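Residue numbers (the numbering used here), protein chains in the order written: chain W, 382 to 1266; chain B, 382 to 1266.
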């Protein structure tokens, strides 16, 4: 017979996957000799077996529970259902990973019409006994019998009103008996059965309900969001009750071993005398700060402080602890690694090393890379005076200011024009993605931390405040009303995604300040990681910023961003519209010195480190007015018929734009295909790069340009450009009488490039994976279309486990990458290989890049510290997936 | 020292790759004891070495040529440059594959001011000698010195005019001497040097010119078109001259051993007495039919007939032969396998088997699969009375009728509306592709057999007449004028691409008739091939046609084509525009019986064979009006402001269309992604298929539906649909009380599907490669955009060897296919695998499909015989590339 039930004395912290987090820690504390009320845990294996049997308790489980219950009775000297000295237990779920959304807790189980009398007698407190019974019925009915607790509260309120009392605690024992009578009547009406009297029946019903709650909707959503395996199952903890509400020598509280907000090494928490845990939450009385316990009960406080120290030393991590004091005796009810803010995570990890508790490697594994990133968001200038209008949920950190827009299309339109806008919606849907992308931040009046807006904004690293219910939005009038203030479209507004504040007008933003602990931690990371971390940057400013964050090179300079600048665009358009090679070359002559200065600045900012410059990539029509715009304009002019000259001009432009129009621009005339059809454009860029390198070399600086060819699919393409790159470099070196080092390589961003990597590597000196396009082509997903349309369905239906544009698709795209690495290195063992897609800043993807042996990852400047830490964690786990949750 | 020069006595037919086709066959004939004027061949290796050395004759080659020349002098008893008895030679290129466009022939080389006198004396014919000299100077100057022959002809005409004579042969020897004087003056003026006197100098200059001509523009274009390797090089043949123009006992001619047009086993050819080869071509005198030679020179005729029989028996193939008679003596100048029409190819191959000359396997290898296809084009009803307006070039076979359009956009627009149009252009460019695709046929007034229109049309199997110079096109007036007749846009016109005829009005077309030899040959093919051949068909008529052509199943039914029909579209639009599930289901209720009838018809037409039905694939916006159209319409209405009601309607539709609009529809919300987001649409289709199968089964017929899921990337998708397919099939079988067999499988058309084939095969019972989409995503080429924009550059620059949408890209796409086959069969060894893209009808691609072990290919009905033959050839060559050229 399989063993499903473990006494706390039989378990340990290592048995987490079997006993769940809570059960394993209760066992560990028990075995550390700490005062834990005795109990036992029904394992996650039991839950899995429950589902395997088609939602039935597995054979033997009931007997085993009964057997362990007998042991519990022996340990406590009380008996289940004993009218004189009844054993009461709590029933709590306990998954492997902490998981809100599941059935949580039933207290006081074991009470019935008989035992409540015994409890009253044993405690000498009839009111306490009946109040406990009332609470039990309410909790049990809510979670086991599916009768909403609201209905019970309604009854309670009615009785309170009848009795003319305001607070629960003012109800007499007799009033509570009446409440219990009505509760039982409600249960009978709703469920068609009497509230169970038999404690064992109560217990097995509760146990089954916990198992069932593993698969309720909220739990499933939570697991999807947090990528927790749906097959793990939950454990169930049965523990003998202790009561913090037995009088003024009793109490209950929660504490962190250190400050979870700042990381300061100082006990942090609060407690309430004569209360049960739920009273602390209910907020009827204000809890005391934990230090006050030293006055109230100095011995208990001293004992508690020692236990906390013991636990921190034992677990080598900051602890989040629940305790109860029953008649002056301290009981530990839970300990677990405490959740903490990003700043605290860094400080705690750092301090634990200083205190000699953990190694630097352990410290690095204690911090989530994404937390590191949060510390780099821009924040509100602390000296600014703020006019806070309302408070919403802090859904995605960072502060943002912009003009209010109420429509995603409008947000996109203005955003593309370079205007800063804040998208304000009651809630967002996948249809709004294009607007979210272009907005500075998002404010919604409805929806919680896991609403669409929140999830999407966090994914994009975009500030977001959700569920700001004080905000009333009128789409027709295009107004936002908060209290007496009514704002119109275009009015300025700010949000602080870290606190949920909604602030009037535009606010000054401050660059983040990095603590010494932060810098130390990242320095430790650099000692472990094997992957180089570069940044994607298109300007000298971004390059300098990236360097200050620890980037040792630029992995991607997108030259097209420079083409979009106001002083360039006319020449770029002239180049595109040129009817002859001469006209095109004239435009290029103007662009050459500008590009040279661009590259000079970036190479200088990254002096001494490699800078990978990608030649022009997007289709040319992106530099011209949109087809739609021109269509509307020409139709209007034609209909009016009053300005034939402008019409003729516009029609000519329309003709050219139509000529360049593509059905699938992503798969069209772009990347090195432009360089094949218009070699003079790429030659201008190559010359600009070489000129810039020559100038820097003359100045005594080290320029290390890497010329990158986008969108290749064949060695022939690479050969075509390699010949030009070498020729122009030689020409420039000869003209300028300098020597400098440069390399030529290619993006690997199409499946054929990955499949023919062995051939490409014959000509390319480096590869850089463009995993965005590689994902688009490997999966056949146009990102712009997928994320707004079918991808949410795919994630919801679990057809894909994660958004492949955020987390690298290891099975598909990853397989192509492995093929490309193997092929490329087979031809050229010293081949430099990196990644410069957005995945380069995603910890899971970085882990994969480490596994398959890349040389560098490149990401946006603000992600550089994240990548440094993630790369270190990858090296530390070396091939094994981190158990960071 | 490397050997570059081979006497004819040293070579053989097997040495074709070294000696070129012409040289190898001259050697073979020599060694068969046939009367071949002696000579030698400079090998293709010599040419390759010439280029390897940077266009210089390799060391030792001159000496070797001189040595073999000495042998030749010995064999002929004449000497090079000998004034008394001069040796004259012809210099001819001779590539491995016959290749028009290269420098072809220089005759009479060795003549100069001295030897011409000797030749006159030796032949006793001064006029003949000087005429030979004149011709030599002209040919040599044209091809070696780059002086256009037109300039020489001009001089000749001037002298003829001066002398008052009409034909060349009427010029006296003295007049010819004057012509020669002027020729030499022209050469000196043009080239700044005297015409070479020294025969050896002439020889090496000619030799170098032949090598050079390997890389002239026309030769490169030809090789690109015919996919001949640019590195092969050409051989050069030096052969002692014989003269067909030495009097009335001399002559020259060409003949085929069988009729190259019909294949009839009867000598076919023509000859001209007292003439050189070029006179036959010049067409001044009408050549005689070859039978007439029996009267003119019975002994020579008899000898010739015997030689022809010998050659055919020796080569086991129809021969194309050139001969010359010099003073009553027969000389063989060339033999090669004769080019023949499709009909002749089939008959010759068939007859050679009947005659016991070749095996059926050999016969199958003698016919190009694409020729087989030509015989299936529709032709003009032979009983129809035709009003032939003009004659152009027969650029792409087949007949077509349609309304005239002058613009590719218009052609596309009307074509999409189901109208039959004929695209009429002066010439076409890659920008016209979208119009060509939708037109019935193409007529151009300019451009030859290798013009853009011709090449593209042949590629698409679309009728085309090119270079119809009688047609004058006025784009502004939108008229086509032929003689006195002026046709307007919309007028009906027909073309016959097999003959080049342009015909007034619409003409009745006739299905092709297939000869018994054709059917026998295909029956032989079926005995050898391992691949099944299915057809792509969307209607019962197409299915029946395919079956009549030998298809044993349908590989692809595109259900979307049915949705476009006029009676369906309103319901399809209702389905798309539905705001609620109920409204959508109402539309589906109307579509279900229609689809059931569609499938019933196709399954019935293919009764007993499998029919693979692909569920809805294209993005939904394809069923709605275009965004552009609506934009123009709403802008117009808004500008006019006089019809707010229509404007509101249109704006609503525009909003929906805009909502469905995609940036890259090819990678967007289509394929099974529609089935995931709107499962009710796919469920309707599945039910329609099962209902149809149930009806047929009830009628005692065997229906074998295969339900195909498009655009999958994961097992999860396949599972999603497999469950529905099985459930609905069970429901229908239970409702209708029948049992029938069906399977469920998937297209493999995205790289991820190929990479995860092992997982997909766990749920899919068959795979069908959609190589069009697989090519688009693997290479990142949108076909619609690439073919009109950069793909021509890619082919021209040799970055790609062939259009990957026509011939399967073995390196990239092929690698994915291999991975998919291996992965799929690893999971499910009995997995059925086929291909249903356009590549399924391309012989090279079929070869590859055979190699990697597919079970079937599927192509358009008219390609089925092509595929049957190609599959047989693949099996016969089994793994080796066919040397069919």
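We treat Cβ as the ideally placed atom computed from N, Cα and C, and that holds for glycine.
Everything numeric in this text was worked out from a predicted model, so none of it was measured.
Distance from the CA atom of residue 892 (chain B) to the CA atom of residue 758 (chain B), rounded to whole angstroms, is 7 Å. Along the length of the segment 881–919 of chain W, whole alpha helix (DSSP H) runs at least 4 residues long occupy 897–909, reported in chain order. Going by beta carbons, residue 505 (chain W) and residue 630 (chain W) fall outside the 8 Å limit. Around the CB of residue 649 (chain W), 16 or more other CB atoms lie within 10 Å, so the residue is classed as buried. The DSSP assignment places 940–944, 950–958 as complete runs of the alpha helix (DSSP H) inside the segment 930–962 of chain B, in order along the chain (cut-off: 4 residues). For residue 1220 (chain B), no Cβ of chain W is located within less than 8 Å of the residue's own Cβ. If you ignore the 5 residues before and after residue 1097 (chain W), its C-beta comes within less than 8 Å of no other C-beta in its own chain. Within 10 angstroms of the beta-carbon of residue 632 (chain W) lie 16 or more other beta-carbons, which makes it buried. For residue 1038 (chain W), the closest Cβ of chain B is not nearer than 8 Å.
Between the beta-carbon of residue 889 (chain W) and that of residue 844 (chain W) there is about 15 Å, and that puts the pair past the 8 Å contact cut. Per DSSP, reduced to three states, the secondary structure at residue 778 (chain W) is coil, with no helix or strand assignment.
Looking at the backbone, the Cα of residue 1069 (chain W) and that of residue 1237 (chain B) are separated by about 54 Å. The Cβ neighbour count for residue 1148 (chain B), taken over all protein chains shown within 10 Å, is at least 16; the residue is labelled buried. In the structure shown, residue 1180 (chain B) adopts coil according to DSSP, grouped into three states. Beta-bridge partners of residue 700 (chain W) (DSSP): W:718.
Collapsing the DSSP output to three states places residue 1170 (chain W) in coil. Nothing from the segment 932–964 of chain W brings a Cβ to less than 7 Å from some Cβ of chain B.
Chain W places no beta carbon closer than 8 Å to that of residue 620 (chain B), leaving this residue out of the contacts.
Neighbours of residue 1057 (chain W) in chain B, taken as residues at a C-beta separation under 8 Å, are given in chain order as 1171, 1174, 1175, 1178, 1180. Uninterrupted beta strand (DSSP E) stretches at least 3 residues long and entirely within the segment 1067–1095 of chain W occur at 1085–1090, given in chain order.
Apart from sequence neighbours up to five positions away, the residues of its chain that approach residue 1018 (chain W) with a beta-carbon distance below 8 Å are 1024, 1027, 1028, 1031, ordered along the chain. The three-state reading of DSSP puts residue 673 (chain W) in helix, counting H, G and I together. For the pair residue 1094 (chain B) and residue 989 (chain W), the CB atoms are not nearer than the 8 Å cut-off. Rounded to the nearest angstrom, the gap between the Cα atoms of residue 1225 (chain W) and residue 885 (chain W) is 38 Å. When rounded, the separation of the alpha-carbon atoms in residue 515 (chain B) and residue 615 (chain B) is 27 Å.
The Cβ of residue 1009 (chain B) sits closer than 8 Å to at least one Cβ of chain W. About 23 Å separates the beta carbon of residue 427 (chain B) from that of residue 462 (chain B), a gap too long to meet the 8 Å contact definition. When the beta-carbon positions are compared, residue 459 (chain W) and residue 450 (chain W) stay at least 8 Å from each other.
For residue 1052 (chain W), the CB contacts under 7 Å within the same chain, skipping 5 residues up- and downstream, are 998, 1091, 1092 in chain order. Just so you know, the alpha carbons of residue 1111 (chain W) and residue 955 (chain W) end up roughly 29 Å apart. Against chain B, the beta carbon of residue 772 (chain W) has no neighbour under 7 Å; the closest one sits roughly 34 Å away. Judged by beta-carbon spacing, residue 846 (chain B) lies beyond the 8 Å limit of residue 765 (chain B), meaning their Cβ atoms are not closer than that value.
Note that the C-beta distance between residue 557 (chain B) and residue 727 (chain B) is not below 8 Å. Distance from the Cα of residue 1109 (chain B) is smallest, within the candidate group B:769, B:588, B:1071, B:972, for B:1071. For the C-beta of residue 828 (chain B), not a single chain W residue is nearer than 9 Å; the gap to the nearest is close to 21 Å.
Scanning chain B for C-beta atoms nearer than 9 Å to the C-beta of residue 1046 (chain W) yields 1044, 1045, 1163, 1166, reported in chain order.
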